[in-house]
Structure formats: structure tokens, C-alpha cells
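Only one structure is covered here, and it is reproduced in the block below.
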Amino acid sequence: MSPARAGLLTRLVQPVIARLVQPVIDRQVRRALSTAETDASFAIGSRAGDTLSDRYPYDREEIQRQALEAWRVNPLARRIVGLTSQYVVGGGVSISCPHPATAAFLRTFWEHPLNRLPVRVYEWCDELTRSGNLFILLTTDASGMSYARAIPAAQVRRILSRPNDLDQETAFEMQPNWAEGEPVAWQVYDPREEQRTSEGTFRPVMLHYAINRPVGAQWGESDLAPALRWLSRYAAWLEDRARLNRFRTAFLYIVRARFTSEAERRARQSSLNAAPPSPGSILVTDENETWDALHPRLESDDAGQDGLALKKMLAAGAGIPMHFLAEPEGSTRTTAEAAGGPTYRHFEQRQRFFLWLLSDLLRAVVNRRSAVDGRISRRAEVALTGADISARDNVSLSMAANNISAVLRGVRDRGLIDDAEFLRLIYRFCGESVDVEEMLARGKTAGSREPSKGVKTAAQPVKVDPETGEEKTGGVNG
383 MSPARAGLLT RLVQPVIARL VQPVIDRQVR RALSTAETDA SFAIGSRAGD
433 TLSDRYPYDR EEIQRQALEA WRVNPLARRI VGLTSQYVVG GGVSISCPHP
483 ATAAFLRTFW EHPLNRLPVR VYEWCDELTR SGNLFILLTT DASGMSYARA
533 IPAAQVRRIL SRPNDLDQET AFEMQPNWAE GEPVAWQVYD PREEQRTSEG
583 TFRPVMLHYA INRPVGAQWG ESDLAPALRW LSRYAAWLED RARLNRFRTA
633 FLYIVRARFT SEAERRARQS SLNAAPPSPG SILVTDENET WDALHPRLES
683 DDAGQDGLAL KKMLAAGAGI PMHFLAEPEG STRTTAEAAG GPTYRHFEQR
733 QRFFLWLLSD LLRAVVNRRS AVDGRISRRA EVALTGADIS ARDNVSLSMA
783 ANNISAVLRG VRDRGLIDDA EFLRLIYRFC GESVDVEEML ARGKTAGSRE
833 PSKGVKTAAQ PVKVDPETGE EKTGGVNG
């Protein structure tokens with residue numbers, strides 16, 4: 383076909399193809415734009431499970447495996463994870479709810495033999511610290527009682543989310559089970575899509591919580607992730623030092639003598655090997671035989687500094703001071719007290735997240751129970767309280783509030799500040815963050831009380847060290 387005929391055919395066919403194909407293309411484009419505009423999009427164009435902020439699946443699974451192995455065999459890793467749970471959970475978590483029926487149900491759920499949350503919260507905190515992710519499978523029977531099970535993060539293969547928003551998770555695909563065949567995918571909990579089955583039960587759902595998660599990522603990371611390499615190096619260094627110290631006291635005897643033949647030398651060596659001299663024994667020789675001891679000379683004067691440098695790297699990666707890892711480092715108590723400040727702030731942030739995690743779980747449990755039991759209120763306020771991170775902070779805060787209250791009372795009496803500012807400053811020095819307007823409204827509802835007569839409160843009855851929180855010797859004047 384000549385070029386002229388080909389060009390003429392193209393000009394004749396193109397309009398026909400455009401009229402047939404262009405409407406299909408336009409419909410596809412409009413459908414895509416409509417989806418992006420109606421699904422609360424925040425990351426338009428991103429695909430579920432394919433983000434630049436997440437690690438590759440193999441790297442993520444390898445880090446989770448190494449973190450679990452380090453927690454099992456490395457004492458420092460076990461200590462770091464245990465410290466976090468001891469401070470975050472501490473003496474336990476208390477639940478309060480003003481609605482009587484809802485509060486009774488929450489206590490039943492919390493202490494149910496198949497839940498045992500007073501004990502499981504420690505395991506959950508360990509898993510959250512160790513893997514950076516906490517997957518909770520929630521199942522509910524026909525009576526509305528829910529049962530929570532933590533699923534290891536290593537068993538989750540993929541997190542599915544909406545095409546245009548990674549934060550809106552939809553399902554969790556588990557690792558394939560070769561005995562059962564196809565992998566299982568658990569749907570995410572969504573209160574707007576709750577449907578009961580024909581048997582009156584609810585479908586199992588999964589909740590996901592993550593820490594150390596970069597913006598735009600789906601997976602969290604372990605607290606041990608930046609310290610895994612240094613944990614391995616410190617363990618190898620310590621093993622080498624232990625091996626060298628074992629052979630430090632080893633020695634060999636060298637016997638020098640003038641032998642007439644090789645057979646005589648071998649005979650003398652055989653006799654000594656048959657009955658070697660024991661420590662503390664006396665050897666008597668003549669001038670023809672000389673005894674010397676050969677032992678290794680290990681120059682290890684700087685070995686302690688090397689180990690301390692490795693341990694400092696571990697402490698920096700874990701965010702805890704050296705004395706938390708049985709390394710005093712300094713001889714003064716003030717240095718150790720000052721080093722704990724940033725660590726306590728870290729534990730406070732983690733505790734705040736963990737309490738929110740539990741409250742979110744309890745909210746899902748209450749929602750499912752309310753669909754069966756009309757006495758349960760979905761709108762009932764559920765508050766969770768954790769243990770104090772540091773009792774010494776409470777002593778310092780109480781001293782500050784006690785000392786500032788008299789000053790603020792005088793300022794308020796002079797009309798320089800109002801009640802709202804007075805209450806805000808009081809709670810500020812107590813270290814608490816409250817809604818001032820709500821507190822004032824509750825105070826007006828409770829009514830005023832007459833102050834007790836004849837009772838005077840000292841500004842500071844005893845001298846207390848603000849750094850340590852302990853009472854100083856000598857009383858007020860001492």
C-alpha cells in the first residue's frame with residue numbers, strides 16, 4: 383500500500399474509532415475521579431501495600447524475626463522490652479465509667495476467664511514494643527460477649543486499605559497456612575458495617591495499632607530495630623572478652639634441659655605429662671633443668687571503654703539511661719536522676735498511646751454488646767487510668783502546687799485573675815491537663831462548702847528534695 387493510500391485510510395478510520403472508544407475512556411476517567419473525591423482521600427494515587435515509607439516485606443519480616451530472637455536470647459533486649467511494660471502498664475490499668483450497666487459489663491469483659499486482660503495487657507505491651515505492631519482479633523458470641531486475642535505480627539502478610547487512603551484499613555491478609563491452603567483475610571472493625579449472622583453472632587474482626595510508624599506507612603517498627611545491630615555487636619564483644627578472660631590464667635610449663643638424644647627428651651616429657659605438678663607443689667631440680675611458665679599476655683586496659691561505648695549506643699537507641707542497664711557510669715546520684723527525665727517522658731507518651739489503644743478496644747466491645755443488650759449505652763464515657771510513671775514526680779508536683787496555691791489565692795482575691803485562670807494554674811502546677819470550663823461547671827453544680835475552721839495547712843511541713851522526692855534529714859529547720 384502506498385503512503386498516500388495509508389494516510390487517506392488513517393484519516394477516514396480515526397474519526398470512527400474516536401467516536402466508539404472516547405466515550406468508554408471518558409466514563410473510566412469520571413469513575414476514577416468520583417472515587418477520589420468521595421472516599422475522604424488524603425493520599426490520592428497511592429496503592430494499598432505499596433508505599434515508599436514502608437520497608438520491603440522481607441526486610442520487615444526479618445527485623446521482626448531478629449527482634450523476637452534478640453528478646454529470647456539477649457538479656458539487654460529482654461530488659462529493654464520489660465522496662466517499657468513495667469513503666470507503661472506498671473501496677474495495672476483501672477477502668478471507670480459513670481454508666482452502671484456499662485461499667486458492670488466492662489468489668490465482666492475485663493476479667494472474663496477467656497480474656498484475662500489484667501494479665502494479657504503486659505503481653506500486649508511486650509508485643510507492641512517488640513514488633514511495633516499489635517493485631518487484636520475480636521470475636522463475639524450471640525450474647526454480645528467479646529473475646530480478644532493478640533495475633534503475632536509475623537503472621538500478618540499484608541495490610542489492605544482503601545485505594546486512595548492508607549489510613550483507612552479494610553482487611554488484613556494472613557500468612558498462608560499450607561495445611562489449610564488459601565490464606566485467611568480478617569476484615570477490619572468498622573462500626574458502620576456491623577452485621578449479625580443468621581446465628582445471632584458477629585463476624586470476627588481485627589484491630590491494628592502501630593508505634594514508630596513513619597508518615598505514609600502502614601506498618602510500625604520495633605523499639606529494638608535501631609539497636610539490633612549493636613545488640614549483636616555487644617554480645618559478640620562480651621563473648622570474646624569472656625573467652626579471653628578464661629584463657630588469661632592458662633599457662634604452660636617449659637622445661638629446658640640438656641638431653642643426649644631425642645628419645646631421652648620424649649621420655650622426660652612423657653613422665654611429666656603422666657604426673658604433672660599440681661598448683662602449690664614444690665619442684666626440686668638440678669642445674670641441668672630449668673622450669674619456666676608460658677602464659678598469654680592480653681593487653682585489655684581499654685576493653686572496658688570499648689564495652690561502655692557499645693552499651694551507650696544501645697542505651698541511646700532504646701531511649702533509656704545507662705543506669706537502667708546496670709551501668710552506673712557516674713558516681714553521683716544527681717546525674718542519674720537528671721538522666722531519667724527524657725526517659726520518663728517517653729514512657730508517658732507510650733502509656734498515653736497504650737491507654738488509648740485499650741479504650742478503642744473497649745469502645746468496640748461496648749458497641750457490639752449494645753446491639754444485644756439495650757441496657758448498655760454506646761455513648762457512655764469510658765476512662766482508663768494507668769499507674770504513675772514516677773512517684774518522685776508526684777512529690778515534686780505536690781510541693782509545687784502547695785507552694786503556689788497561697789500565691790495564686792492572694793492574686794485572685796485582689797481581682798487580678800478570674801476563677802478560670804486560677805484553676806488552670808493550679809492544675810498546671812499539679813501536672814494535669816483538664817478542661818477548665820467543665821471543671822468550673824461541675825464545681826458550681828456541686829455547690830460551695832464552708833471551709834473547716836481551726837485547721838491551718840503549712841506551706842511545706844517537711845523539707846523534701848525536689849530531685850529525689852525524699853525527705854531531708856533535720857525536719858523543717860534542718
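Whatever position you read off the sequence shown (first residue = 1), add 382 for the numbering used here.
Even glycine gets a Cβ: it sits at the ideal position worked out from N, Cα and C.
Figure out for me which residue from the options has the closest Cα to the Cα of residue i.
i: PRO596; options: PHE641, PRO558, LEU707, ASP549; result: ASP549
i: PRO659; options: ASP674, ILE541, GLU646; result: ASP674
i: THR667; options: VAL637, GLN687, LEU696, HIS677; result: VAL637
i: ALA459; options: THR642, PRO608, GLY602; result: PRO608
i: ARG760; options: LEU779, ARG647, SER525, CYS479; result: CYS479
i: MET881; options: GLY598, GLN557, THR552, TRP612; result: With the chain covering only 383 through 860, there is no way to say anything about residue 881.
i: PHE573; options: VAL503, ASP742, GLY473; result: The sequence given here has Pro at residue 573, not Phe. Considering only alpha carbons, the answer is ASP742.
i: VAL503; options: ASN594, ASP436, ALA452, TRP738; result: TRP738
i: ALA639; options: ARG650, THR631, PHE629; result: ARG650
i: MET781; options: TYR809, THR767, VAL764; result: TYR809
i: ALA632; options: ARG648, PRO661, ARG512, PHE706; result: PRO661
i: ARG861; options: GLY825, ARG447, PRO678, ALA697; result: Here the chain comprises residues numbered 383 to 860, so residue 861 is not present and cannot be evaluated.
i: ARG727; options: VAL470, ALA691, ALA788, GLU803; result: VAL470
i: ASP817; options: LYS826, GLY723, GLU443, ARG806; result: ARG806
i: LEU519; options: VAL747, SER476, GLY797; result: VAL747
i: GLN577; options: ALA532, GLY602, ASP523, TYR529; result: ASP523
i: LEU676; options: ALA783, ALA698, PHE629, ARG648; result: PHE629
Where does residue i fall in DSSP's three states?
i: GLU551; result: strand
i: LEU822; result: helix
i: ARG638; result: strand
i: LEU665; result: coil
i: ALA632; result: coil
i: ILE462; result: helix
i: ASP421; result: Confidence at ASP421 is low in this model, with a pLDDT of 41, below 50, so the placement of that residue is unreliable and no value is reported for it.
i: ILE786; result: helix
i: ARG615; result: helix
i: ARG679; result: coil
i: ALA700; result: helix
i: ARG531; result: strand
i: THR839; result: The predicted position of THR839 is uncertain, since its pLDDT is 46 and thus under 50; a value taken from the coordinates is nonetheless stated next. Three-state DSSP puts THR839 in coil, outside helix and strand.
i: GLY431; result: Residue confidence is low: GLY431 scores 44 on pLDDT, short of 50, so the model does not pin down where it sits. No coordinate-derived value is stated.
Along the chain, where does the beta strand (DSSP E) containing residue i start, and where does it finish?
i: SER759; result: Here SER759 belongs to no beta strand (DSSP E), and DSSP marks it neither H nor E.
i: ASP674; result: 671–676
i: SER543; result: 538–544
i: ALA649; result: Note, ALA649: premise wrong, no beta strand (DSSP E); alpha helix (DSSP H) at 644–656.
i: ALA765; result: 765–767
So, is residue i buried or exposed, given that buried needs 16 or more other C-beta atoms within 10 angstroms?
i: GLY792; result: exposed
i: GLU820; result: exposed
i: SER663; result: exposed
i: SER416; result: Note that SER416 has pLDDT 49, beneath the 50 cutoff, so the model's placement of it is unreliable and the number below is only indicative. Its Cβ having fewer than 16 others within 10 Å, SER416 is exposed.
i: THR725; result: buried
i: GLN733; result: buried
i: PHE736; result: buried
i: GLU669; result: exposed
i: ASP508; result: buried
i: SER580; result: exposed
i: VAL538; result: buried
i: HIS590; result: buried
i: ALA765; result: exposed
i: LYS826; result: exposed
i: TYR635; result: exposed
i: ASN785; result: exposed
i: VAL340; result: Nothing about residue 340 can be read from this structure; the chain reaches only from 383 to 860.
The alpha helix (DSSP H) that contains residue i, what's its start and end?
i: ALA449; result: 439–455
i: ILE808; result: 801–811
Would you say residue i touches the ligand ZN, meaning its beta carbon is less than 8 Å from a heavy atom?
i: GLN468; result: The model depicted lacks the ligand ZN and carries no ligand whatsoever.
Scan the segment 559–613 and note each continuous beta strand (DSSP E) run of 3 residues or more that stays entirely inside, going in chain order. Considered as a whole, the segment 559–613 harbours 567–570, 587–592 as its complete beta strand (DSSP E) runs of no fewer than 3 residues, in chain order.
Going residue by residue through the segment 476–529, where are the continuous alpha helix (DSSP H) segments of at least 4 residues, counting only ones entirely within it? Fully enclosed alpha helix (DSSP H) runs of 4 or longer: 482–492, 499–513.
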